[in-house]
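Taken in order, the sequence shown gives residues -38 to -1, 1 to 931; the numbers are from mature numbering (1 follows the signal peptide of the UniProt record, and there is no 0). We put the beta carbon where it would ideally sit given N, CA and C, even for glycine. The model shown is predicted, which means the values in this text are computed figures rather than measured ones. This report concerns only the one structure given below.
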Amino acid sequence: MLHKCDCFSIFGMFNSRACTFGALLLLWLCWSLLLIEAQSSITDPVEVDALRDIRNYLVDVNGNLRNWNRGDPCTANWTGVLCFSTTMNDGYLHVTELQLLSMNLSGGLSPSLGRLSYLRILDFMWNDITGSIPKEIGDIKSLELLLLNGNQLTGSLPEELGYLPLLDRIQIDQNKISGPLPKSFAYLNKTRHFHMNNNSISGQIPPELSRLPSLVHFLLDNNNLSGYLPPEFSQFPNLLILQLDNNNFNGGMIPNSFGNMTKLLKLSLRNCNLRGPMPDLSRIPKLSYLDLSSNYLIGSIPSNKLSDNITTIDLSSNNLTGTIPDYFSSLPQLQKLSLANNSLGGSIPSTIWQSRAFSGTERLTLDFENNKFSNITGSVSLPQNVTVWLQGNPACKNSSLVQFCGNANYVEMKKTNLVARITVCPIQSCPPPYEYSPSSPTPCFCAAPLIVGYRLKSPGFWDFLPYKNMFEEYLSSSLKLDRSQLYLQHFVWEEGPRLRMQLKFFPVYDANSNSSYLFNRTEIRRINSLFTMWNISDSKVFGPYELLYINLLDPYKDEYATRRSSGIRKGVLAGAIVGAIAGAVTLSAIVTLLILRAHSKNYQAIPRKRLASKVTTKIDGVKDFTFSEMALATKNFSSSTEVGHGGYGKVHRGVLTDGKVVAVKRAQMGSLQGEKEFLTEIELLSRLHHRNLVSLIGYCEEEGEQMLVYEFMSNGTLRDHLSAKTKETLSFATRLRVALASARGILYLHTEANPPIFHRDIKASNILLDFNYTAKVADFGLSRLAPAPDIEGSAPAHVSTVVKGTPGYLDPEYFLTHKLTDKSDVYSLGVVFLELLTGMQPISHGKNIVREVNVAYQSGMIFSVIDGKMGSYPSDCVEKFLNLALKCCQDETDMRPSMADVVRELEIIWGMTPRANTGTTEPMEVDTGNQISPPSSATVQRNPYASLDVSGSDLVSGAVPSISIISPR
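The structure is reproduced here in structure tokens:
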């Protein structure tokens, strides 16, 4: 529907021949549309005013709510506003859902929320909203879901929230809420989910909460709770998860009555300042997860057997004494047993691991460090799937047990896990944003997936892999999808522990449908609503979940354009507006014909081959070549000059009229190269001048062609040399030179380019080597400008953008949060460093280079993964280089060094390297060990650009191209 201001802006579309008549028709059209708008404003005026006040309290930097000042909320489809499909007895439509998930909103929450008296769902998740929670929300007696998690809310919880009779779920986690838990919450008789973790809630947990009849999940970990643990909690009739880690219960005890919570699945009381003996929990028949670590528990471990469902027992860092109970050898689902840092003694029975039969994905980790164990009884042979840590026990004096006595120093499942997809399908047949559906029964079925960010908030296991198949079956069946439609692309453990993952859902192939590569609009809305309305059934194994985002690829945007519709029945307004619509349609047709006729000549000049936006601005230092010049330089693009190809197209070696040898990268028709990336490459490289960045000589955009012309790099890509595609081997000194040169080039991008630039696709195939093996960074098609400083001179640390890059090189935090930073480039370069040291590929046969090198490092076997083709090397320099690489590849952004620190550390290592001390004044210029003669113009060299892909098409499956956030509407 046109806004009244938009009508007059359209006059500019007419040329002089149609202006007068078209203007009159358009005025009539606008009047008709405004009449429709006036006649369709039937949302309750109280709620309309409330919505406008809610909008005034918010700061909407992305303009997501820009249509909140146009028309009627329910009939004009205001973003995030959903209404009942029929009018009530009062003759009005009413708002039933306000869903504003992940819209980058800030500002505050208006008290006018309380005037939406028919509201069922209030969703502001994953924004940046500050201020307090308005007590007026307690006036919405129809409210079922209160979803405020992932903001910056402060203040205390209003007592009024305790009087919401239909509330099913209250999620305020990951805010800054303080003050006590209101006693009024004991009246929330229908509330099943209390998710209040990661706040600053303080004081005593009200014992009155124990009478809540429906509560199943009670998550208040990471707060400032004190007082005592109420023994009355044993009276919860349906409680499944009690998670109170990282609070301070003043040295109180764990009540023995907790052993009577017969439905409990998970009890987590880590680091709560609890004392006294450990209670007997053997009467909880389905307990699967027990964490009482980092307290001050005393006495022995109760001898009564825990549930056979138990996967995780963590009793570490207490003051426990006695021996290991016999029943630990008969727990069939056990994944982790940690008794470290206690005073336990006696023998460790090897039957704990010897009596188990492991499947391919099952693992068992046993941590007995820093106790008083004297020996291991039974066989000391260790199955491949079992890890045992014994350091700090008298048993380590026995030389036969040395294999158990290394330093554990492991990170508990916090590593990023990329699920690699191996495909033999041709890349060009499935251009982004379409992808091959990896589990489809139809080979190489190309489709556009729905991309979902999903997190398990309190899973009942320590190791996910044995449960992966079960999870896929559970989620796909809950969504009423075939399991082959779900692809779990990525998962990573976070603090909590919580399990975050990225999922892709593919449509089912239908030979009788021309659009089976897309979900239809109805199916998208159905899947979206199942997530946003929490209609996915709870799982006892996987615990509560939360939706982080749903990303919508370009092909769905037009298809789903009416997704914001509030679902009002067509018949409600038909009588009032049918006449106006008929007149508007007729006039629209007339006006459209006039416009098309007046402007038809403009389209005849567009080349038949491609509708390309010509580079109209001449750029200093970059030549605009003609098509004939490129044809002459490459012998009319003869196959004899072809030296490679990538997803972008073919690459030719060319010789310009002045004798200069160049690389000509020519896009094939219908290639994956986008107009944006083509212009980005030209505009960025035209103003970047550094000896460690590949130079752009020119471009050609003529006769429907797109070509980029670069300096020719005679020694190919770094990836070629590491994968043995070339005969020359690289010494350690040469590899270190390559690393330092690459880091210097990227440091220039981060600190000296104006404005600074994030590369976003650093990989071994984008690092090129000239005749002297000097490294230069290439391919800026995916690069992004760093955030510009504001008026006060400060700039945000990240750019929020869609995820693009190459599997194995992607920064895990960028992958999950879409926040691109300079540290994202640091991570990618760290992976290149690991390639230099090991010769391995980032992902090969399902193995990730970062994970594999970490495992070798932690086990003291690091030199076993060093590339044998490197020859002799100084071990101290290699070790320093390796440490730097692993620091760069930390999962957490803040743990990585800056690029300046990387360059500084590499220069120190270079100074220690024997090859560096050969008398040369510039270590980056000469390395006699690998120096070769410059190529003659008649010699065809390997082309470094063959594997470059400006569009990122070589990702095949790992990147997430062209995505935009959907919030439920």
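Residue i at chain D interface by Cβ criterion, 8 Å
| i | result |
| --- | --- |
| LEU465 | Among the chains in the structure shown there is no chain D, since it carries only a single protein chain. |
Between the CA atoms of residue j and residue i - distance to the nearest angstrom
| i | j | result |
| --- | --- | --- |
| GLY100 | PRO199 | 26 Å |
| PRO393 | ALA410 | 10 Å |
| HIS652 | GLU106 | 59 Å |
| PHE720 | GLY422 | 39 Å |
| ASN845 | THR596 | 46 Å |
| VAL414 | LEU443 | 15 Å |
| LEU44 | ASP130 | 19 Å |
| TYR511 | THR779 | 10 Å |
| ASN379 | PHE453 | Unreliable positioning characterises ASN379 in this predicted model, as indicated by a pLDDT of 49, which lies under 50. A coordinate reading is not provided. |
| LEU326 | ASN280 | 22 Å |
| VAL57 | GLU714 | 52 Å |
| THR5 | LEU78 | 11 Å |
| ALA701 | ASP15 | 56 Å |
| MET240 | TYR289 | 16 Å |
| TYR766 | PHE777 | The question names Tyr, yet the displayed sequence has Lys at residue 766. Looking at the two C-alpha atoms, the distance is approximately 9 Å. |
| GLY611 | LEU594 | 19 Å |
| ASN360 | ASN337 | 8 Å |
| ASP732 | VAL865 | 21 Å |
Same chain only: Cβ atoms within 7 Å of residue i, ignoring 5 sequence neighbours per side
| i | result |
| --- | --- |
| ASN879 | The pLDDT assigned to ASN879 is 44, lower than 50, so where the model puts this residue is not dependable; a value taken from the coordinates is nonetheless given after this. Excluding residues within five positions, none has a Cβ falling inside 7 Å. |
| LEU396 | Contrary to the premise, residue 396 reads as Tyr rather than Leu in this sequence. Only CYS408, ALA409, ALA410, TYR479 meet the Cβ criterion. |
| ILE489 | LEU412, LEU441, PHE467 |
Span of the alpha helix (DSSP H), counted from its first residue to its last, around residue i
| i | result |
| --- | --- |
| PHE426 | Note, PHE426: premise wrong, no alpha helix (DSSP H); not H, not E. |
| LYS785 | 784 to 800 |
| LEU594 | 589 to 595 |
| VAL8 | 7 to 19 |
| LYS430 | 430 to 440 |
| ASP253 | No alpha helix (DSSP H) contains ASP253, which is instead part of the beta strand (DSSP E) from 251 to 253. |
| GLY707 | 694 to 713 |
| ARG681 | 680 to 684 |
First through last residue of the beta strand (DSSP E) which encompasses residue i
| i | result |
| --- | --- |
| residue 989 | A question about residue 989 goes unanswered here, because the residues of the chain that appear run from -38 up to 931. |
| PRO239 | 237 to 239 |
| ARG628 | 623 to 629 |
| MET669 | 669 to 673 |
| LEU259 | 258 to 261 |
| GLN661 | It should be noted that the sequence gives Tyr, not Gln, for residue 661. Where TYR661 is concerned, the enclosing beta strand (DSSP E) stretches over 658 to 662. |
Neighbourhood of residue i by C-beta distance below 6 Å, restricted to the same chain and skipping five residues each side
| i | result |
| --- | --- |
| MET874 | CYS839 |
| LEU109 | ASP85, MET87, GLN133 |
| LEU204 | PHE180, LEU229 |
| VAL503 | GLY422 |
| residue 935 | This structure leaves residue 935 out entirely; the chain is present only between -38 and 931. |
| GLY238 | MET215 |
| SER72 | ASP15, ILE16, TYR19 |
Cβ pair residue i, residue j closer than 8 Å
| i | j | result |
| --- | --- | --- |
| ASP270 | LEU293 | yes |
| LEU177 | ILE163 | no |
| THR48 | TRP30 | no |
| ARG483 | LYS419 | no |
| MET50 | ASN26 | no |
| LEU658 | SER648 | yes |
| SER255 | LEU282 | no |
| PHE467 | GLN447 | yes |
| GLU797 | LEU684 | yes |
| ILE310 | ILE286 | yes |
| PRO859 | LYS849 | yes |
| ALA629 | ARG681 | no |
| GLY76 | ILE95 | no |
| GLY707 | LEU655 | yes |
| ALA705 | LEU791 | yes |
Check: residue i C-beta below 7 Å from any heavy atom of the ligand FMN
| i | result |
| --- | --- |
| ILE91 | As presented, the structure is devoid of all ligands, the ligand FMN included, so that no description of it is given. |
Same chain, Cβ closer than 8 Å to residue i, neighbours up to 5 away in sequence not counted
| i | result |
| --- | --- |
| ASN212 | SER188, GLY189, TYR190, ASN235 |
| LYS248 | LYS225, LEU226, LEU227, SER269, ASN271, LYS502 |
Checklist entry - What are the uninterrupted segments assigned as alpha helix (DSSP H) that are 4 or more residues long and contained completely in the stretch 455 to 530, given in chain order? => result Runs found: 483 to 494, 516 to 521.
Next on the checklist: At 4 residues or longer, what runs of the alpha helix (DSSP H) sit wholly inside the stretch 278 to 338?
Outcome noted: Runs of alpha helix (DSSP H) with 4 or more residues, each lying fully within the stretch 278 to 338, are found at 313 to 316, listed in chain order.
Checklist entry - Fully enclosed by the stretch 816 to 876, which alpha helix (DSSP H) runs are 4 residues long or longer? => result Listed in chain order, they are 837 to 850, 861 to 874.
Checklist entry - Taking only runs of the alpha helix (DSSP H) that begin and end inside the stretch 129 to 179, which ones reach a length of at least 4 residues, in chain order? => result DSSP runs (the alpha helix (DSSP H)) wholly in the stretch 129 to 179: none.
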